[in-house]
Amino acid sequence: MDVNGKIYKDFLSRIERFKVQNGPDKNKKQHLKGKLHARERIALLFDKNSFEELDAFVTSATPDTGFGKIDEAFGDGVVIGHGRVNGRLVYVYSQDFTVMGGSLGAVHARKIMKVQELALRVGAPIIGLIDSGGARIQEGVASLAGYTSIFHNNIRSSGVIPQISVILGPAAGGAVYSPALTDFVFMTKKTSYMFLTGPDVVKEVLNEVVTFDELGGAETHARKSGVANFIYEDEENTILGVKKLLSFFPSNNLENPPYIEPSSKKEKDVDKLRLIVPDDPNKPYDVKKVIELIIDQDSFFEASELFAPNIVTGFARLNGKAIGIVANQPKILAGVIDINSSNKAARFVRFCDAFNIPLLVLEDVPGFLPGLNQEHNGIIKHGAKLLFAFSEATVPKITVILRKAYGGAFCVMNSKNIGGDYNFAWPTAEIAVMGPEGAVSILYRKEIQSTEDPKKLKMEFAAKYRHEVANPYIADEKGYIDEVIDPADTRKKLIIAFETLENKHVDQPERKHGNIPL
Ligand code: HXC
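In terms of our numbering, the sequence shown opens at residue 1 and continues consecutively.
Shown next as structure tokens:
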């Protein structure tokens, strides 16, 4: 090509127009709102100079219907492409709020679908950086169809490649459902919102007065709805969080998670594990202290920390290998399983299973939460999800019973009978049909009622029951668990046990798919 010729000059003039359209003014506009621009976010996400943009020059298909201004910017309000995150290939789309509020029209949708389809084809994770007013009003049904095709792609990719949504501004209307279909949702505090319809419409239709934050801010979705799995103060930390999460994942469902050399070879003070569970069975303790003493130094990355904190879910490394941890948290509601904790843990288990991440379960649970509220809202159905998820999972699965494993909770928390590969128990474990107080009230009702001091007698019976019936040695003798272990040996035992399971294979009955109780 003649570099001084007409064709080349035309090419350069397009580049110039592109630079002007995407210049510093765009960044300023976003900074005024306390946000970064779509391209600045991409620069934070990817290894230096690794981003390759696609479709930078496409223009909008939005017709001028007379309703609202049509921007003429290249790109139609979304930047797409691929790059490297810590050396690994990742696809991205990043919505540009400075172009028609990042709203989604036909071309915008086609661009997102392009990276979705490429990511699926090559088996690489995809990340959506979302900052959008939802379906582009001027484009009508074309916007709705665009969103719907994106949802369809999300669903086709589910369980094949990791999909992460990062909400960095509004995610309104149709913009919320793609994140809901992906594996993990990140949000920034104060600048991000997710809702079906904003406060104005809520006021008009329901006469409810709410702020953006109350309706769909990061805290709301992290604590109340559980829609957000990770929240951070600002965009820089949010994107760092995304990179950290990716470090635990394989690129697709046919690969294993990457090995990362443990940062410290220092021996852990594992003797402390013997002292964590209090002598008094009704006293709480923090299961995260147990986690820290078992896993590689500082490798725990908790997911959905603020939602249903009575169960802890998160990723960690054990001797350099990624694992997913599900742990009852005795410090909160005694670690009881309720509707929210069942949903949270079941979804986590299914993610780990889809992406070959072995599961470690730390069990200390008095049972399912009873009562009117839970029953009326379907604890039967929701609790069954956790049972289904553990039972269906074919990744290596190991349980350590730290203390209570009563009733249905024993069955659910990856018992051997639903396919747990190894189930260990600490000497402090209590395994039985129900807790001692409930059990003796049924077994010794007459004796307790007819004595002068029923409370005292009940306590005596309960202590006897705990000692003679609910101890872990009965389960051990009968083969319902594999071994009662010294708490100080837990890390060592788990490393060896997971190593034996590296080539685990489970034959599945042929079927289209199971029918998890949704
Ligand atoms: C077209 C839109 C738009 C939209 C925003 N804009 N949303 N253009 N379609 N959906 C434009 C604005 O007109 C404005 O253009 C620019 O983007 C910036 O918007 P502002 O309102 O000035 O910004 P801000 O004050 O920060 O408010 C952001 C917002 C608000 C909260 C997102 O714009 C808003 O409420 N938008 C509508 C959100 C919504 O209800 N979406 C649902 C659509 S229905 P100018 O030219 O002035 O810069 C839907 C259903 C799909 O999505 C269902 C699929 C299953």
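Think of the CB as a built atom: it goes at the ideal place given N, C-alpha and C, for glycine as much as any other residue.
Three-state secondary structure (DSSP) at residue i?
{"i": "residue 165", "result": "strand"}
{"i": "residue 468", "result": "helix"}
{"i": "residue 505", "result": "coil"}
{"i": "residue 21", "result": "helix"}
{"i": "residue 340", "result": "helix"}
{"i": "residue 258", "result": "coil"}
{"i": "residue 131", "result": "strand"}
{"i": "residue 355", "result": "coil"}
{"i": "residue 84", "result": "strand"}
{"i": "residue 321", "result": "strand"}
{"i": "residue 211", "result": "coil"}
{"i": "residue 368", "result": "strand"}
{"i": "residue 516", "result": "coil"}
{"i": "residue 474", "result": "helix"}
{"i": "residue 267", "result": "coil"}
{"i": "residue 104", "result": "strand"}
{"i": "residue 249", "result": "coil"}
{"i": "residue 277", "result": "coil"}
{"i": "residue 461", "result": "helix"}
{"i": "residue 301", "result": "strand"}
{"i": "residue 10", "result": "helix"}
{"i": "residue 117", "result": "helix"}
{"i": "residue 61", "result": "coil"}
{"i": "residue 240", "result": "helix"}
{"i": "residue 110", "result": "helix"}
{"i": "residue 272", "result": "helix"}
Between the C-alpha atoms of residue i and residue j, what's the straight-line distance to the nearest angstrom?
{"i": "residue 488", "j": "residue 292", "result": "13 angstroms"}
{"i": "residue 438", "j": "residue 313", "result": "29 angstroms"}
{"i": "residue 247", "j": "residue 350", "result": "18 angstroms"}
{"i": "residue 364", "j": "residue 430", "result": "9 angstroms"}
{"i": "residue 57", "j": "residue 17", "result": "10 angstroms"}
{"i": "residue 309", "j": "residue 25", "result": "43 angstroms"}
{"i": "residue 337", "j": "residue 387", "result": "12 angstroms"}
{"i": "residue 368", "j": "residue 394", "result": "24 angstroms"}
{"i": "residue 326", "j": "residue 226", "result": "16 angstroms"}
{"i": "residue 78", "j": "residue 188", "result": "19 angstroms"}
{"i": "residue 447", "j": "residue 407", "result": "24 angstroms"}
{"i": "residue 27", "j": "residue 59", "result": "20 angstroms"}
{"i": "residue 52", "j": "residue 229", "result": "29 angstroms"}
{"i": "residue 453", "j": "residue 459", "result": "10 angstroms"}
{"i": "residue 281", "j": "residue 497", "result": "28 angstroms"}
{"i": "residue 34", "j": "residue 167", "result": "14 angstroms"}
{"i": "residue 383", "j": "residue 181", "result": "21 angstroms"}
{"i": "residue 98", "j": "residue 117", "result": "26 angstroms"}
{"i": "residue 279", "j": "residue 332", "result": "18 angstroms"}
{"i": "residue 104", "j": "residue 179", "result": "14 angstroms"}
{"i": "residue 234", "j": "residue 380", "result": "39 angstroms"}
{"i": "residue 260", "j": "residue 501", "result": "19 angstroms"}
{"i": "residue 128", "j": "residue 85", "result": "14 angstroms"}
{"i": "residue 414", "j": "residue 348", "result": "14 angstroms"}
{"i": "residue 400", "j": "residue 183", "result": "27 angstroms"}
{"i": "residue 21", "j": "residue 113", "result": "24 angstroms"}
{"i": "residue 197", "j": "residue 136", "result": "14 angstroms"}
{"i": "residue 163", "j": "residue 139", "result": "27 angstroms"}
{"i": "residue 486", "j": "residue 422", "result": "15 angstroms"}
{"i": "residue 46", "j": "residue 61", "result": "30 angstroms"}
{"i": "residue 142", "j": "residue 175", "result": "15 angstroms"}
{"i": "residue 63", "j": "residue 107", "result": "12 angstroms"}
{"i": "residue 305", "j": "residue 165", "result": "17 angstroms"}
What residues are listed by DSSP as bridge partners for residue i?
{"i": "residue 95", "result": "78"}
{"i": "residue 326", "result": "313, 361"}
{"i": "residue 306", "result": "Answer by DSSP bridge pairing: none, since residue 306 is not bridged."}
{"i": "residue 232", "result": "188"}
{"i": "residue 551", "result": "Absent from the structure is residue 551, since the part of the chain shown begins at 1 and ends at 518."}
{"i": "residue 46", "result": "DSSP lists no partner for residue 46."}
{"i": "residue 54", "result": "80"}
{"i": "residue 217", "result": "193"}
{"i": "residue 126", "result": "91, 163"}
{"i": "residue 483", "result": "424"}
Should residue i be flagged as near chain D, meaning a C-beta pair shorter than 7 angstroms?
{"i": "residue 340", "result": "No chain D is part of this structure, which consists of one protein chain only."}
Entirely enclosed beta strand (DSSP E) segments - the region 384–455, minimum 3 residues: 397–406, 422–425, 430–432
Residues with C-beta closer than 5 angstroms to any heavy atom of the ligand HXC, in chain order: 69, 100, 101, 103, 133, 134, 135, 136, 137, 147, 170, 172, 173, 174, 198
Inside the region 139–186 only - beta strand (DSSP E) runs reaching at least 3 residues: 163–172
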